[in-house]
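S.K.: Below you will find the structure I want to go over with you.
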Amino acid sequence: MARKHSIELSDNDWHRSKNNPRSNYRLERGDEINSSDSDRGYSTKRKIFDRRCRTKQHAGIWDEHHRKESRNNDRHSSSKPPHGRSTLLEGNRNRNRNLNTDVSSLGKRDRLYVPPYKLARKMKEVEDKSSIEYQRLTWDALKKSINGVVNKVNAANIKNIIPEIFSENLIRGRGLFCRSIMKSQMASPGFTDVFASLVAVVNTKFPEVGQLMLRRIVLKLKIAFKRNDKPQLLAAVKFIAHLVNQQVAHEIVALELLTVLLENPTDDGVEVAVWFVTDCGAMLQHLSPRGLCRIFDRFLGILHEGEIDKRVQFLIEGLLALRKGKFNGYPAVRPELDLVEQEDQFTHEVSLQDEIDPEDSLNLFKPDPDFLKNEKRYEEVKKTILGDESEDDDESEEEEEEDEQHMQIRDETDTNLINLRRTIYLTIMCSLDFEEVGHKLLQIKLEPGQEMELCTMLLECCSQEKDYRPFYGLLGQRFCMINRIYRENFERCFVQQYSMIHQFETNKIRNVASFYAHLLSTDALPWHCIAYMRLTEKDTTSSSRIFIKILFQELSKQLGSHMLNERLHDPAMQESNESILPRDEPRNSRFAINFFTQIGLGPLTENLRAFYDHLPQLMGQQQKAVSEEKSESSGSSDSGSESSCSDDESESDGDERRKNKHRRRD
Numbered sequence: 001m002a003r004k005h006s007i008e009l010s011d012n013d014w015h016r017s018k019n020n021p022r023s024n025y026r027l028e029r030g031d032e033i034n035s036s037d038s039d040r041g042y043s044t045k046r047k048i049f050d051r052r053c054r055t056k057q058h059a060g061i062w063d064e065h066h067r068k069e070s071r072n073n074d075r076h077s078s079s080k081p082p083h084g085r086s087t088l089l090e091g092n093r094n095r096n097r098n099l100n101t102d103v104s105s106l107g108k109r110d111r112l113y114v115p116p117y118k119l120a121r122k123m124k125e126v127e128d129k130s131s132i133e134y135q136r137l138t139w140d141a142l143k144k145s146i147n148g149v150v151n152k153v154n155a156a157n158i159k160n161i162i163p164e165i166f167s168e169n170l171i172r173g174r175g176l177f178c179r180s181i182m183k184s185q186m187a188s189p190g191f192t193d194v195f196a197s198l199v200a201v202v203n204t205k206f207p208e209v210g211q212l213m214l215r216r217i218v219l220k221l222k223i224a225f226k227r228n229d230k231p232q233l234l235a236a237v238k239f240i241a242h243l244v245n246q247q248v249a250h251e252i253v254a255l256e257l258l259t260v261l262l263e264n265p266t267d268d269g270v271e272v273a274v275w276f277v278t279d280c281g282a283m284l285q286h287l288s289p290r291g292l293c294r295i296f297d298r299f300l301g302i303l304h305e306g307e308i309d310k311r312v313q314f315l316i317e318g319l320l321a322l323r324k325g326k327f328n329g330y331p332a333v334r335p336e337l338d339l340v341e342q343e344d345q346f347t348h349e350v351s352l353q354d355e356i357d358p359e360d361s362l363n364l365f366k367p368d369p370d371f372l373k374n375e376k377r378y379e380e381v382k383k384t385i386l387g388d389e390s391e392d393d394d395e396s397e398e399e400e401e402e403d404e405q406h407m408q409i410r411d412e413t414d415t416n417l418i419n420l421r422r423t424i425y426l427t428i429m430c431s432l433d434f435e436e437v438g439h440k441l442l443q444i445k446l447e448p449g450q451e452m453e454l455c456t457m458l459l460e461c462c463s464q465e466k467d468y469r470p471f472y473g474l475l476g477q478r479f480c481m482i483n484r485i486y487r488e489n490f491e492r493c494f495v496q497q498y499s500m501i502h503q504f505e506t507n508k509i510r511n512v513a514s515f516y517a518h519l520l521s522t523d524a525l526p527w528h529c530i531a532y533m534r535l536t537e538k539d540t541t542s543s544s545r546i547f548i549k550i551l552f553q554e555l556s557k558q559l560g561s562h563m564l565n566e567r568l569h570d571p572a573m574q575e576s577n578e579s580i581l582p583r584d585e586p587r588n589s590r591f592a593i594n595f596f597t598q599i600g601l602g603p604l605t606e607n608l609r610a611f612y613d614h615l616p617q618l619m620g621q622q623q624k625a626v627s628e629e630k631s632e633s634s635g636s637s638d639s640g641s642e643s644s645c646s647d648d649e650s651e652s653d654g655d656e657r658r659k660n661k662h663r664r665r666d
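The sequence shown begins at 1 in UniProt numbering and counts up one residue at a time.
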């Protein structure tokens, strides 16, 4: 017996369906739909309600009906179906029981988050590595790992990301890789050059991946252009520009795109073209200068026509200025992203006029009958790209052992030097007297050449004090007496401090001058250090005069004016002291006399004053001596000329006598 199913319609529904000219079905009241089983009735019933929902343009009816169907299905699944009949859901359930794996249920797993440890545990539980379930689990793991690697790539870590991306099966997951790159680029257009660099590196080993990426981007661009979707179009154009910069895409793709955008100029189209040329103009100038010149001619034509918005006209003018500056500030590839040699790159050409197959099926899971073989093949390919990890590990361990034996750590950040200065500073500031400080500082282990740091820090601490403390002079004296190296370093510091004295404040000048006055008065430093200072009007500044003034005043206090005068006029120190008491020119001597007289140390210049007073007589004597030398030289020249003249006369007389003798003989 054929079971009869009747569909009851309300009067309103019947009237609407009967009078609706768009309806594709006619039902008489009381008509019955015969079916041999419930499956046919179920499908027919669903079609009728689907048509009615489309006719009424009311989605709520279908949603309500869908809820009712789901409830009925739940009831049928809980109760045993009648003998001889099985619903569609029951038939699917029976087929799923017969199969060891439920592919449809695995498809739902994509929409759920599975923690990595659970996924790894499930993969271990599967014994048959070639089964569909195991392939599906590896597919899920591949998709998550590719997404994770793409999401964390940036310009700083791209060199570390490249081995990670090659460790994944990019041949099997090339569709996943392209989809992940395109989604990330759409979400973060600022990282487009990073994604393009990653694609360029992958393209050198797997050109089919680069070609698939370019085809999908071009297709995305065409769809966005037809739909007038500006955000999608800008993202696609930016990606193509950077692929051209990496020479993954041929420059013909860029020129064709610009031609399409500028053929019928609109505000949005011209704006997109301007940004495109801004991104890849430097590379196009190198690869196709004639083509770029024609594009700029078209820009100029659009600008002269004046039919576009003012804002877009300003963009074109800015682009022209950028071209005049040779795209300064917009390099084709940043140095940190230039990872591929030009001869290793594969360049692909895709026309905008071609029909493009995006191969969306690569984004979906498909069982592979040769799964294990293909996985082994990729492992071999990965070893050729990345090398054998075990061999690399062994070699790296051996190299590390050798390096540990011969390596000497070189501190390029000056961390040890900063710590040393901190230790010296704290030791000086936390001690009570100079003997304690000297004892603690001598216990610090200094490397060869670090003695200068101790001297410099001692001077720095001294100069930072409000008033000079004899503590620093005594400490410096102690170090100079202990080791000759410290004496030489303090002498170098004296030269450095005096050469930079114009940069110091008055308080710092006073402290440094008092410190060195103590070292000179105690003979901790040799007195020839004074020769570095030249007391003349040209060779001194206001700061250097203050330094010399305080230095000699402190020396006079500690030694006394008499002892200081003896030191300055010691015959052994005469050459060194000529820079302080110059005698080369009268004006320099006069300047030194006036300087020491004004600072209250006039007795130091008594000998220089006597020299200056007798200087006119000395100059007169020198002039007389010079004139006498000149007269002597002129007298000798006159006597020489007279003797030469007498010789000539005698020779001429002899000649005449000979001639007369010859005449007489004749």
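Positions of the beta carbon are idealized from the N, C-alpha and C atoms, including for glycine.
#1: Could you check what DSSP says for A224 in three-state terms: helix, strand or coil?
#2: Would you say the stretch 257 to 268 touches the stretch 356 to 375, given that touching needs at least three Cβ pairs under 8 Å?
#3: For a minimum of 4 consecutive residues, which ranges assigned as the alpha helix (DSSP H) are wholly contained in the stretch 577 to 611?
#4: Quick one: give me the first and last residue of the alpha helix (DSSP H) that T347 is part of.
#5: Which residue from L212, G210, D193, I295 puts its Cα closest to that of I252?
#6: With contact counted as at least three CB pairs below 8 Å, one residue from each stretch, are the stretch 193 to 210 and the stretch 236 to 250 in contact?
#7: Excluding sequence positions up to five away, which residues of its chain have a Cβ less than 7 Å from the Cβ of E465?
#8: Do Q211 and H348 have their C-beta atoms within less than 8 Å of each other?
#9: Please report the residue range of the alpha helix (DSSP H) in which V253 lies.
#10: Roughly how many angstroms separate the alpha carbons of A524 and Q598, rounded to a whole number?
#11: Hey, K205 and I385 are a contact pair by Cβ (cut 8 Å); roughly how many whole angstroms apart?
#12: How big is the Cα-Cα spacing for I550 and N328?
#13: Figure out for me which residue from L137, L441, D229 has the closest Cα to the Cα of Y425.
#14: Taking the straight line between their C-alpha atoms, what separation do you get for A200 and D128?
#15: Among residues of its own chain, excluding the 5 on either side of A224, which ones have a beta-carbon nearer than 7 Å to its beta-carbon?
#16: Could you tell me which whole alpha helix (DSSP H) segments of length 4 or greater appear in the stretch 297 to 342?
#17: What residue ranges within the stretch 521 to 583 form continuous alpha helix (DSSP H) runs of no fewer than 4 residues, ordered along the chain?
#18: Is the beta carbon of L214 less than 8 Å from the beta carbon of I158?
#19: For N363, which three-state DSSP category applies?
#20: What span of residues does the alpha helix (DSSP H) with E488 cover, start to end?
#21: Compute the beta-carbon to beta-carbon distance between K589 and L608, rounded to the nearest angstrom, for a pair I have assumed lies under 8 Å.
#22: Could you have a look at E505 and say whether DSSP puts it in helix, strand or coil?
#23: Determine the contact status of Y378 and N169, defining contact as a CB-CB distance below 8 Å.
#24: Measure the C-alpha to C-alpha separation of L474 and Y498 and round it to an integer number of angstroms.
#25: Can you tell me which of V150, G173, Q574 puts its alpha carbon nearest to the alpha carbon of I162?
#26: Assuming R422 is part of the alpha helix (DSSP H), what are its boundary residues?
#27: Starting from the C-beta of P189, find all residues in its chain whose C-beta is less than 8 Å away, skip the five residues before and the five after it, and write them out in chain order.
#28: Between D433 and F479, what straight-line distance do the alpha-carbon atoms span, to the nearest angstrom?
#29: Rounded to whole angstroms, what is the Cα-Cα separation between N507 and H528?
#30: For L255, which residues of its own chain have a beta-carbon under 6 Å away from its beta-carbon, when the five flanking residues on both sides are left out?
#31: Please check the pair I316 and V274, which I expect to be a contact at CB under 8 Å, by giving their CB distance rounded to whole angstroms.
#32: Taking the straight line between their C-alpha atoms, what separation do you get for A282 and R323?
M.R.: In short:
#1: Position 224 of the sequence shown, counted from the start, is the residue given in the question as residue 224. DSSP places A224 within a helical segment (H, G or I) once states are collapsed to three.
#2: no
#3: 586 to 598
#4: The count along the sequence shown starts at 1 and reaches residue 347 at position 347. Where T347 is concerned, there is no enclosing alpha helix (DSSP H), given that its DSSP letter is neither H nor E.
#5: Working through the sequence shown from its first residue, we reach residue 252 at position 252. The shortest Cα separation from I252 among L212, G210, D193, I295 belongs to I295.
#6: yes
#7: Translated into the one-based positions of the sequence shown, residue 465 becomes position 465. Around E465: N511.
#8: Taking the sequence shown and counting its residues from 1, the one referred to as residue 211 is at position 211. Taking the sequence shown and counting its residues from 1, the one referred to as residue 348 is at position 348. Result yes, Cβ atoms of Q211 and H348 sit closer than 8 Å.
#9: Within the sequence shown, numbered from 1, the residue matching residue 253 stands at position 253. Unbroken alpha helix (DSSP H) run through V253: 251 to 263.
#10: The sequence position of residue 524 within the sequence shown is 524, counting from 1. The sequence position of residue 598 within the sequence shown is 598, counting from 1. Distance between the alpha carbons of A524 and Q598 is about 29 Å.
#11: Counting from 1 along the sequence shown, the entry for residue 205 is found at position 205. Counting from 1 along the sequence shown, the entry for residue 385 is found at position 385. Indeed, because the Cβ distance is near 6 Å, the residues count as touching under 8 Å.
#12: In the sequence shown, residue 550 corresponds to position 550, counting from 1. In the sequence shown, residue 328 corresponds to position 328, counting from 1. Cα-Cα distance, rounded: 56 Å.
#13: Within the sequence shown, numbered from 1, the residue matching residue 425 stands at position 425. Nearest option by C-alpha distance: L441.
#14: Counting from one through the sequence shown, the residue named residue 200 turns up at place 200. Counting from one through the sequence shown, the residue named residue 128 turns up at place 128. Looking at the two C-alpha atoms, the distance is approximately 37 Å.
#15: To locate residue 224, count along the sequence shown from 1; it is residue 224. In chain order, Q232, L233, A236 place their CB closer than 7 Å to the CB of A224, counting only its own chain and leaving out the 5 sequence neighbours on each side.
#16: 310 to 324
#17: Whole alpha helix (DSSP H) segments, 4+ residues: 542 to 559, 561 to 568, 574 to 577.
#18: Here residue 214 is taken as the residue at index 214 of the sequence shown, counted from 1. Here residue 158 is taken as the residue at index 158 of the sequence shown, counted from 1. 8 Å or more divides the Cβ of L214 from the Cβ of I158.
#19: Taking the sequence shown and counting its residues from 1, one reaches residue 363 at position 363. Of the three classes helix, strand and coil, the one that applies to N363 here is helix, per DSSP.
#20: Counting from 1 along the sequence shown, the entry for residue 488 is found at position 488. From DSSP, the alpha helix (DSSP H) with E488 extends over 484 to 499.
#21: If you number the sequence shown from 1, residue 589 lands on position 589. If you number the sequence shown from 1, residue 608 lands on position 608. Checking the sequence shown, residue 589 turns out to be Ser, not Lys. About 6 Å; that satisfies the 8 Å criterion.
#22: Here the question's residue 505 lines up with position 505 in the sequence shown. Three-state result, E505: coil.
#23: As a first step, residue 378 is located in the sequence shown; it is residue number 378 there, counting from the start. As a first step, residue 169 is located in the sequence shown; it is residue number 169 there, counting from the start. For Y378 and N169, yes; Cβs fall inside 8 Å.
#24: Taking the sequence shown and counting its residues from 1, the one referred to as residue 474 is at position 474. Taking the sequence shown and counting its residues from 1, the one referred to as residue 498 is at position 498. Looking at the two C-alpha atoms, the distance is approximately 21 Å.
#25: Position 162 of the sequence shown, counted from the first residue, corresponds to residue 162. Closest by alpha carbon: V150.
#26: Taking the first residue of the sequence shown as 1, we reach residue 422 at position 422. Taken as a continuous stretch (DSSP letters only), the alpha helix (DSSP H) holding R422 covers 415 to 429.
#27: As a first step, residue 189 is located in the sequence shown; it is residue number 189 there, counting from the start. Hits under 8 Å: L234, A235, K238.
#28: For the purposes of this step, residue 433 is identified with residue 433 of the sequence shown, where counting begins at 1. For the purposes of this step, residue 479 is identified with residue 479 of the sequence shown, where counting begins at 1. The straight-line gap from Cα to Cα measures roughly 14 Å.
#29: By one-based count along the sequence shown, residue 507 stands at place 507. By one-based count along the sequence shown, residue 528 stands at place 528. Whole-angstrom Cα-Cα distance: 26 Å.
#30: Here the question's residue 255 lines up with position 255 in the sequence shown. Cβ neighbours of L255 beyond the five flanking positions: G291.
#31: Taking the first residue of the sequence shown as position 1, residue 316 is located at position 316. Taking the first residue of the sequence shown as position 1, residue 274 is located at position 274. About 6 Å; that satisfies the 8 Å criterion.
#32: Stepping through the sequence shown from its first residue, residue 282 is reached at position 282. Stepping through the sequence shown from its first residue, residue 323 is reached at position 323. Answer to the nearest angstrom: the Cα atoms are 9 Å apart.
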